[in-house]
Structures are given as structure tokens and as C-alpha cells.
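Report on the structure given below.
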Amino acid sequence: MTIFQMFNRFKFLALVILLSLLGSNSVLRSDEKPRLVMMCLSAHPDDEDGLVLTSYARLRNVKTYSIFFTRGEGGQNEIGSQLDADLGKLRTKETSEAANILGSQIYFLGFNDFGFSKTAKETFTRWGGIDTVMARLVYVIRALKPDVIITNHDTITLSPRRQHGHHQVVGLTAFAAFTKAADSSFHPEQFRNPNIRPWQVKKLFLRARAWDTLSALVNVDPNLTDSSGNTMQSYSLSALARHHSQGMDKLIADRSPFLFTKHRYKLFESDKQYPFDSSNLFSGIEPFARQTGILPEEEIDTTAVFSFSIDPPSSVLLRADEMKRQKIQRDVTASFVNPTLSAVSFDLSVSLDHQKIFYKSYTIPTGTKTDNIRLSFLRPTQLAKKIIHFDALPTEQNSKFPVPPATFTLLPLHVQYPPTISIGLVQTYDKTVEDVLKSFKIKYQLLDSLRIAKENLNKYSTIILDLRTYEFRHDVAWYNARLLKYVQDGGNIVCFYHKSFDWNGYNYSPYPIQLTTERVTEEGAHVNVLVPGHPFFNSPNIISKTDWDGWVQERNLYLPADDSTKTSPKYSRLLAMSDENENQPPTSLLWCKNGKGTYTYVALALYRQLRNMHEGALKLFFNLISQPKHPF
Ligand SMILES: [Zn+2]
Numbered sequence: 022m023t024i025f026q027m028f029n030r031f032k033f034l035a036l037v038i039l040l041s042l043l044g045s046n047s048v049l050r051s052d053e054k055p056r057l058v059m060m061c062l063s064a065h066p067d068d069e070d071g072l073v074l075t076s077y078a079r080l081r082n083v084k085t086y087s088i089f090f091t092r093g094e095g096g097q098n099e100i101g102s103q104l105d106a107d108l109g110k111l112r113t114k115e116t117s118e119a120a121n122i123l124g125s126q127i128y129f130l131g132f133n134d135f136g137f138s139k140t141a142k143e144t145f146t147r148w149g150g151i152d153t154v155m156a157r158l159v160y161v162i163r164a165l166k167p168d169v170i171i172t173n174h175d176t177i178t179l180s181p182r183r184q185h186g187h188h189q190v191v192g193l194t195a196f197a198a199f200t201k202a203a204d205s206s207f208h209p210e211q212f213r214n215p216n217i218r219p220w221q222v223k224k225l226f227l228r229a230r231a232w233d234t235l236s237a238l239v240n241v242d243p244n245l246t247d248s249s250g251n252t253m254q255s256y257s258l259s260a261l262a263r264h265h266s267q268g269m270d271k272l273i274a275d276r277s278p279f280l281f282t283k284h285r286y287k288l289f290e291s292d293k294q295y296p297f298d299s300s301n302l303f304s305g306i307e308p309f310a311r312q313t314g315i316l317p318e319e320e321i322d323t324t325a326v327f328s329f330s331i332d333p334p335s336s337v338l339l340r341a342d343e344m345k346r347q348k349i350q351r352d353v354t355a356s357f358v359n360p361t362l363s364a365v366s367f368d369l370s371v372s373l374d375h376q377k378i379f380y381k382s383y384t385i386p387t388g389t390k391t392d393n394i395r396l397s398f399l400r401p402t403q404l405a406k407k408i409i410h411f412d413a414l415p416t417e418q419n420s421k422f423p424v425p426p427a428t429f430t431l432l433p434l435h436v437q438y439p440p441t442i443s444i445g446l447v448q449t450y451d452k453t454v455e456d457v458l459k460s461f462k463i464k465y466q467l468l469d470s471l472r473i474a475k476e477n478l479n480k481y482s483t484i485i486l487d488l489r490t491y492e493f494r495h496d497v498a499w500y501n502a503r504l505l506k507y508v509q510d511g512g513n514i515v516c517f518y519h520k521s522f523d524w525n526g527y528n529y530s531p532y533p534i535q536l537t538t539e540r541v542t543e544e545g546a547h548v549n550v551l552v553p554g555h556p557f558f559n560s561p562n563i564i565s566k567t568d569w570d571g572w573v574q575e576r577n578l579y580l581p582a583d584d585s586t587k588t589s590p591k592y593s594r595l596l597a598m599s600d601e602n603e604n605q606p607p608t609s610l611l612w613c614k615n616g617k618g619t620y621t622y623v624a625l626a627l628y629r630q631l632r633n634m635h636e637g638a639l640k641l642f643f644n645l646i647s648q649p650k651h652p653f
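Take the sequence shown: its position 315, counted from the start at 1, is 336 in our numbering, and no numbers get skipped.
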């Protein structure tokens, strides 16, 4: 210990003695005892460093916070059909279960997980701009007053080492917040709350990657044990496994070796020089008591707020899922389905938490094309109190719970589908395709193991292999030869997207297809139809340019490689699209003849559009499943 450190320690001890002599001193009036405080910043649930959080909480009595920029609602769901806000709710629960194991306290900053993003630029824009993102993070730092911040996400924004755009934003804002949180001129309105004060974080650490060869890295050993003899790794893995909807309970060591090595951190920012200790992220920092600021209440429930009813109930189909998932402050679009296209009259009522707030009668004339119905209503104030938005904080307006109007639009759909087709559906974890088939009264049969193993499949004109069939339906992988024979004999298979590790190396398709991790994340990316005469774009629905407008989240994912040595040239490449300034393979829709039948591979994010009853997506979907079955 240097003289300087001894002086500092002495100064601290003197302060503690002085304060305890003073008794009820205001600094220590908080019920918090002197402790060190760590904060981990993550973009999504499961990005937190559970090993470090639990090691410091369990072995060093450090108070640990885990801050999530989003609830992960834009991801894929491996265990059920919840998406968007419903998925966010599920992941909030999983994250909180994981935090119970890790011993950390969690907060969500409430930014929207709008799906995979390649750039920080796009993410900042979608999250309300750099200043908004900075202010929200700085507020939490000023409220919780951490000594040390760690993050898995770095500030690199250029390939090949850049992470997800959301991760880039976390890295960039963490770096800037180190200075901004202590700067009293940055968002001074936050100081109206007496426990929000400029705060200087002492150290900011970044998780080191395989290529980081710095010598001065701080290590966290996964094999350290607590008094019960359990390793820190065992706690962190069982916490990670709580993220069921992300498949983290299925992680195995050989796929994720990085989980089983020590975690290394590099010092990114420091408010002054501290002694280096490779085994301690807090070296040179002394514990002290601090009064934390109040953070906004959690959103209690942002889902299932609206309910809709149609009378008489069977007159039309109203897709209200989208509205239920939306927070009230946004514009909402729903789709109106009138399969007969004949005139129909109905009453529509909207309820909010079982309280009827809107009621109106409608008549849709025969063959209507442009009858958009728009209605708007106000959220009752007493219910508005249930949702407290983080972005309303920390201004004074928050206390008034402003109630903007919500609107939605009913749109008639114009799609054609052949009534005579018969679909075999291999279902996995998502129910969208079944919902669509049901809504349009299309004949289908769910294919269970027995049917796949024994049934005469030739009675189906098309068999749909839904999302990630081969990962979630091992029975299908086992009996795959029967499916390939079904194609040879004149059947049509439409196979939806898989992840590369579900698929590569198993020869599931009649000719090779090798998947990459490439995707087109700009949902508005221009679509180039490469074979305009193909039946998929003409029959029974003509796909026009505008049918590609208004998609959500992304165009496609896990694109097959274009290289003919990886993906057979027997497949026609039907569509080309790319993110701005990029060049993705034209493989989001592949089609080939095989024997007397056909095989189609769909890497498009079609199910997300189908959920919204997107007209263009419905047209394409109906075209995909309308191919004739041999013999015609
Ligand atoms: Zn993430």
C-alpha cells in the first residue's frame, strides 16, 4: 500500500468515525450500509454477465444492479407463440428469475427491441435519438450511484467485429455516460429529484474478447466456490438457463465454450488512477453508504389492455392481436377480414380492462375496396395510471399522466386462395400459420409423429414445415426420407426458415442448401423479383410492388448461401434484396422441381407479417401453398 492509499484509507476511516459520532447524520440516514456497488449494462435479457454479477454479490457482498435497455421483445421465441410485447413480458419474467439466482436487482430502460439491427445509427434513430438514450441511462446511473460499471458490449461499429446495433448503442452510451453522469450541465432538470445528483462512476470495464491480448486484464474465475461448495459458474449457468424463450436451457458446452472459461475485463475509463489488481474490479475503491434515487415504477401491464368484440360474432374476422399488444399511446392498425367479400353489417365494441369505451355499427358494402374505417378514443384516466412510461421521466409532466388518443384503422383485405387445397402442417412453437389457415377456412391437418411415420402423405397438396422444424421436431428429421419421397411422388414442400446450426450438415432438402447468418434487417429494403413470371408472383394472387410495403422488423434471416457449391444451382433464386450499402445473397425464396413435385425454402420473415394480416404477405403465402399436386 502506498502512502497515498494509506492516506485515502485513513481519510475514509476518519469520515466513518466522524459520521458515527454524529449519529443521525443525513448522509448515513439511508438504510443502506456501506457497500460497493456494481452495475452491468446489457441490451437484451441474457446479455448480462451472470458470472461476474453473482461472484461479486456472493463472494464480496457487492450490491449488484443489472440494467437492460430492452426487454428482448423483438427476438424469436423458442417456446411459444408470444411475440412483441407478449414476448417482452415473458422475457421480463425470465430475467427476473435469473436475477434472483444471481442476487442482482434489475431495471429496464424501456427501449423498443425492434429486431436485429446492424448499426448504432439505426438503433439511435429508432430509440428517439442519442440525447434521449443518453439521458435515460444517465438518470439511472445518477439514481443508483454505481462505483463500477461493466458491460459485454463494446463501441466498435464497423464489421467484422461489430455486434448487434443495440449492443453497439449500449457500448457507446456506457462510454459517454461515464463523463455525462458527472456533468451537472447535462440534463440538469433531473436534479429536481433531490436524490438525483451528478455522479462520478469510478471505473468502467468492457468484457475482453478472444482477440484482446492486453496484459492488464481483470479476471473472474468461474471455479471459485461459496461456503456451500457451489461454483460461481453453476449459479451463472442456472440463471442463464432461465432464459427459456431464447433456448438458453438447451445450451451445451461444445456449442458455447466461451461460457466455461474465465471472464476477462479491460479497463475502459477510470476517474483517477487506482492500483491494478487482476483479481478485483474494485481494487482501490472503498465501500460507502449512499442514498439511491427513486426509479420509475415498473410498467405493470402493457398487454391485453384492449379487447374487441364483433356482433354478430361470425360476420367478420377482426384481427385484434396487434391492438392488444400495442401500448395505448401509439397508432394501431388492425386488419378486417371479410372472406366472402359480400356485404356485411356488424357492431364493433372496444373495451379496456373490461370497461366498454367505444361502440359503433358498420356496414361494409359488397366487394368494397377502399372502405377504411378509422376510429379514435381516449384512454380513461384512472386506467392510465397503470402504465408509467420511463420516457416521461424525469420531467414534472410525469405526475399528470398525459393521455393521448389512440387510433386504429380497419382495412378490408383482398386476397385470393384456392378452396380445394389440402395442407399438412408440421407445427413447431409458433401458431401463426395455423391461425391464418383457420381464419380463411382452409383445410389443413396438423402432422404429428404418427402421421409423418405412417400416413399416406399423398393426400396433401402441400406440406408446410413451419419455423425451425428440424430443431424442434426431431420426429420429422427421423422420417425425413418420407418427406423427400412425397416430393418425388408429386407433392409440394414449403419449408420455413431455420437457423444455420439447425440445418447445416444434415441434408434435409432434396438438393443442398447451406445456411449463413446473413439477413436483411431493413424491413423496407427494396425487393427485386428475379423471376416475375413464376407462379409464386402470379397465381392465384398477382403480387404487385406495393405488396412489399409495410413489412415489420426484417425482410429475412439466416439466408442460404448463393455460392453454387453450397446451395445447389437447381434452386431458382426468386427474390433479391439487401440492406443499404450491403450485398446479401438473393436466396430468401428458393424453389426447385424434384421428381414430380416441388421444394420451396422460405427464409423470408413471413410469419411476422402474417401475424399482422399483412395483405401482400397473405397473397404470397397463399401462392406458396397453392401449387398443384401431381397428378393434376
Ligand atoms: Zn443482445
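Note that CB positions come from ideal geometry on N, CA and C, so glycine has one too.
Check: Under the three-state DSSP convention, the category M59 falls into; Outcome: strand
Check: Coil, strand or helix - R4 by DSSP; Outcome: Lying outside 22 to 653, the shown extent of the chain, residue 4 is not represented and no answer is given.
Check: 8 Å contact criterion, which P581 and T608 should meet: CB distance rounded; Outcome: 4 Å
Check: Test item: CB-CB of T537 and Q648 under 8 Å; Outcome: no
Check: First and last residue of the uninterrupted alpha helix (DSSP H) at L80; Outcome: G71 to R81
Check: Heavy atom of ligand 1 within 7 Å of A119 beta-carbon; Outcome: no
Check: Span separating the alpha-carbon of K407 from that of G150; Outcome: The predicted position of K407 is uncertain, since its pLDDT is 29 and thus under 50; a value taken from the coordinates is nonetheless stated next. The alpha-carbon atoms of K407 and G150 are separated by roughly 27 Å.
Check: Range of the contiguous alpha helix (DSSP H) that encloses H495; Outcome: H495 to W499
Check: Whole-number beta carbon distance between I485 and I306, since they are thought to touch under 8 Å; Outcome: Incorrect: roughly 58 Å between the Cβ atoms, too far for contact.
Check: Reduced DSSP secondary structure (H/G/I, E/B, other) of K293; Outcome: coil
Check: T78 Cβ short of 7 Å to ligand 1 heavy atom set; Outcome: Checking the displayed sequence, the identity of residue 78 turns out to be Ala instead of Thr. No; taking the cut-off as 7 Å, the Cβ of A78 has no heavy atom of ligand 1 nearer than that.
Check: According to DSSP, residues forming a beta bridge with H284; Outcome: V241
Check: Cβ-heavy atom distance, H547 to ligand 1, below 7 Å; Outcome: no
Check: Collapsed DSSP secondary structure at L702 in the structure displayed; Outcome: No answer is possible for residue 702: the residues shown for the chain start at 22 and end at 653.
Check: Top-ranked residue by Cα proximity to Y128, from D134, V508 and A120; Outcome: A120
Check: Residues with C-beta closer than 6 Å to any heavy atom of ligand 1, in chain order; Outcome: A64, H65, D68, H185 and H188
Check: Beta-carbon proximity list for T416, same chain, < 7 Å, skipping 5 on both sides; Outcome: Unreliable placement is indicated for T416, whose pLDDT of 32 sits below 50; the coordinate value is still reported in the next sentence. Here the set comprises E210.
Check: Supposed contact pair E143 and G186 - C-beta distance, whole angstroms, cut 8 Å; Outcome: 6 Å
Check: Outcome for G131 when other beta-carbon atoms lying within 10 angstroms are tallied against a minimum of 16; Outcome: buried
Check: Cβ-Cβ separation, K223 to D168 (assumed contact under 8 Å), whole Å; Outcome: 5 Å
Check: First and last residue of the uninterrupted beta strand (DSSP E) at T621; Outcome: G618 to V623
Check: C-alpha distance - D352 paired with L272, whole-angstrom precision; Outcome: Caution applies to D352, whose pLDDT of 39 falls short of 50 and renders its modelled position unreliable; the value that the coordinates give is listed next. Their backbone Cα atoms lie some 39 Å apart in a straight line.
Check: Alpha-carbon spacing of I442 relative to L467, whole angstroms; Outcome: 15 Å
Check: 7 Å CB neighbourhood of L625 in its chain, flanking five on each side removed; Outcome: R576, N577, S609 and L610
Check: contact_flag[the segment 558–569, the segment 521–534] where n(CB pairs < 8 Å) is 3 or more; Outcome: no
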